[in-house]
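Enquirer: Using full-length UniProt numbering, read the sequence shown as starting at 1 and increasing by one per residue.
Glycine is no exception: its CB is placed at the ideal position from the N, C-alpha and C atoms.
The structure presented is a predicted model; accordingly, all values stated were derived computationally and were not measured.
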Amino acid sequence: MNIKLEKFHAQDFDDYYQLVGNEEVMAMITERAIPQEEAERDFQLLLANNQLHPNFGHFKILNTNTNEYIGLAKLEIKSLSDNEAELGYMLLPSYWGKGIARKVSQHLLEEAKSQNLINKIFAIIDPKNIASRKILTSQGFIHKEFKDYDGLPGEILELKQSLI
Numbered sequence: 001m002n003i004k005l006e007k008f009h010a011q012d013f014d015d016y017y018q019l020v021g022n023e024e025v026m027a028m029i030t031e032r033a034i035p036q037e038e039a040e041r042d043f044q045l046l047l048a049n050n051q052l053h054p055n056f057g058h059f060k061i062l063n064t065n066t067n068e069y070i071g072l073a074k075l076e077i078k079s080l081s082d083n084e085a086e087l088g089y090m091l092l093p094s095y096w097g098k099g100i101a102r103k104v105s106q107h108l109l110e111e112a113k114s115q116n117l118i119n120k121i122f123a124i125i126d127p128k129n130i131a132s133r134k135i136l137t138s139q140g141f142i143h144k145e146f147k148d149y150d151g152l153p154g155e156i157l158e159l160k161q162s163l164i
């Protein structure tokens with residue numbers, strides 16, 4: 001399946017909520033589905049972050065042929081002066097195990113390298129998410145540390161410096 005990435009816009013909340021409101025998707029992220037009101041606040045922050053830079057932010061993952069919504073990809077910076085970005089992705093369950101997350105992360109890494117803005121790329125995963133760890137380590141990410149995020153377990157992986 002061929003995919004494309006397009007930035008989220010205000011009219012895309014329903015697509016976003018398909019993911020964050022899905023308990024199965026969120027099991028290894030927040031361990032709960034996000035209620036709509038909270039998701040609406042989070043989506044506004046996402047849209048604001050998308051304004052920082054044309055090539056960084058949060059993107060819809062779409063099937064190139066059908067334009068069908070598959071999930072979310074992010075290459076997020078917190079400010080224009082940042083020299084690091086967080087890479088992440090979430091897919092609707094019907095797309096798990098099809099190689100899409102690998103394609104998405106490869107695309108995001110290529111984009112980050114082409115910008116000459118970033119010298120550190122990291123990802124945060126649930127330590128139990130073996131599939132994401134395999135995808136990221138196959139692309140050069142290495143374990144940095146375990147850390148709690150709002151009481152939830154997290155593992156930070158960083159891209160090896162020589163690969164950026």
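Determine the direct distance from the alpha carbon of Ile70 to that of Ile100, and round the result to whole angstroms.
Expert: C-alpha separation (whole angstroms): 9 angstroms.
Enquirer: Report the option in Glu37, Pro127 and Leu5 whose CA atom is closest to the CA atom of Phe56.
Expert: Measuring from the Cα of Phe56, the nearest candidate turns out to be Leu5.
Enquirer: For the alpha helix (DSSP H) containing Asp42, list its first residue and its last residue.
Expert: Where Asp42 is concerned, the enclosing alpha helix (DSSP H) stretches over Gln36 to Asn50.
Enquirer: The beta strand (DSSP E) that contains Asp12, what's its start and end?
Expert: Taken as a continuous stretch (DSSP letters only), Asp12 belongs to no beta strand (DSSP E), as it is neither H nor E.
Enquirer: Span of the beta strand (DSSP E) holding Glu110?
Expert: Note, Glu110: premise wrong, no beta strand (DSSP E); alpha helix (DSSP H) at Ile100 to Gln115.
Enquirer: Mapping DSSP to helix, strand and coil, what is Pro93?
Expert: Helix, per DSSP.
Enquirer: Taking the alpha carbon of Glu68 as the point to measure from, which residue in Lys103, Leu45, Ser81 and Asn2 has its own alpha carbon closest?
Expert: Cα-wise, what sits closest to Glu68 is Asn2.
Enquirer: Are Phe59 and Lys7 touching if we call contact CB-CB under 7 angstroms?
Expert: It is a contact, given that the beta carbons lie within the stated cut-off.
Enquirer: Helix, strand or coil for Lys78? Go by DSSP, reduced to three states.
Expert: Of the three classes helix, strand and coil, the one that applies to Lys78 here is coil, per DSSP.
Enquirer: To the nearest angstrom, report how far apart Met28 and Glu86 are at their CA atoms.
Expert: Looking at the two C-alpha atoms, the distance is approximately 17 angstroms.
Enquirer: Can you find the residues in the same chain that come closer than 7 angstroms, C-beta to C-beta, to Leu108, ignoring five residues on each side of it along the sequence?
Expert: Excluding sequence neighbours, Leu108 sits near Ala73, Leu75 and Leu87.
Enquirer: What do you get for Glu40, buried or exposed, if any count of 16 or more other CB atoms within 10 angstroms of its CB means buried?
Expert: The residue is exposed, with fewer than 16 neighbouring Cβ atoms inside 10 Å.
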